[in-house]
Amino acid sequence: MTNTKNPAVLLSLILGCIVLLFSETGCNTDNSAYVIRLDSLDQKLDLTEEYLRIDYATISAREAIITKQIDYIKEYYDMEISEEFGNSMTRYRGVKKAYSNFLKQYPKAFDELKSLQKQANDLRTSVTKNELTKEEFKTFYKKEMFDTDQNLKFAEGLSKTIHSLEPEYQRISNIVHAELTRIAQTNEGLADRMKADESN
11 MTNTKNPAVL LSLILGCIVL LFSETGCNTD NSAYVIRLDS LDQKLDLTEE YLRIDYATIS
71 AREAIITKQI DYIKEYYDME ISEEFGNSMT RYRGVKKAYS NFLKQYPKAF DELKSLQKQA
131 NDLRTSVTKN ELTKEEFKTF YKKEMFDTDQ NLKFAEGLSK TIHSLEPEYQ RISNIVHAEL
191 TRIAQTNEGL ADRMKADESN
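Quick note: the sequence shown uses this note's numbering, first residue 11, plus one each step.
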């Protein structure tokens, strides 16, 4: 049995406890700092997800409708196109182009978000299990934050574009639909095609 009355032994035990205490405290301090950073990362990922809460199917349907309506106007419009209506059609084509770009780019941003969310979760798990050195965490976190910032900016741009187009789309689509409806009253071919579109 160890003689705890020996001053040298007592001093050795005390020093050992102090080293252990500081070692555990240092580890907990590092982990707390890591968690704060990871929380900041998650906030940006949540914001990216919020920007991407756009109904892809709705935008896809609108893009298809605009394409058909533009084709119908080209084929069936029975009057000289006024400057006002011509300007509306030009802007309508711009809306279609923006929608087409969104449909192409959205899956990239969405898939990147899912990948980044998984990586962030894996990084948090590694921190919880104390699997990373300070330098390893710094390297992984720096890359994760950079990629997250890039995707966040991209998603924000897509979201702002779609939401800014909403009033323009609603206004012009009503104008075009009214004109096509007028033409269809005396054009059986257009009337049949529009009726078929509505049933699909």
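Where a beta carbon is used, it is the ideal one built from N, C-alpha and C, also for glycine.
Rounded separation between residue i and residue j - CA only
i: Val45; j: Glu166; result: 26 Å
i: Arg192; j: Ser70; result: 26 Å
i: Asp202; j: Leu190; result: 12 Å
i: Phe156; j: Tyr179; result: 35 Å
i: Leu55; j: Leu123; result: 7 Å
i: Asp215; j: His173; result: This structure cannot settle anything about residue 215, because the visible part of the chain is limited to 11 through 210.
i: Ser209; j: Phe120; result: 32 Å
i: Glu85; j: Leu113; result: 26 Å
i: Leu31; j: Ala43; result: Any reading at Leu31 needs caution, since the residue's pLDDT is 42, under 50, leaving its predicted position unreliable; the model's value is listed next. Leu31 and Ala43: Cα-Cα distance of roughly 18 Å.
i: Lys163; j: Glu59; result: 12 Å
i: Lys128; j: Thr77; result: 38 Å
i: Ser169; j: Leu175; result: 10 Å
i: Asn97; j: Tyr82; result: 17 Å
Where the alpha helix (DSSP H) through residue i begins and ends
i: Thr135; result: Glu93 to Thr138
i: Arg203; result: Glu198 to Ser209
Within-8 Å CB hit, residue i to chain D
i: Arg181; result: Any reference to chain D falls outside this structure, which holds one protein chain only.
Inter-residue CB distance, residue i and residue j (contact presumed, cutoff 8 Å)
i: Arg103; j: Ile80; result: 7 Å
i: Tyr116; j: Tyr66; result: 6 Å
i: Thr6; j: Leu126; result: Past the edges of the chain, shown from 11 to 210, lies residue 6, and the structure says nothing about it.
Do the region 131–138 and the region 82–92 make contact, defined as three or more Cβ pairs closer than 8 Å?
-> In short, these stretches do not touch, since the Cβ pair count stays below three.
Would you call the region 92–111 and the region 139–153 in contact, with 3 or more CB pairs under 8 Å?
-> Taking a cut-off of 8 Å on C-beta distances, the region 92–111 does not touch the region 139–153, as fewer than three cross pairs fall below it.
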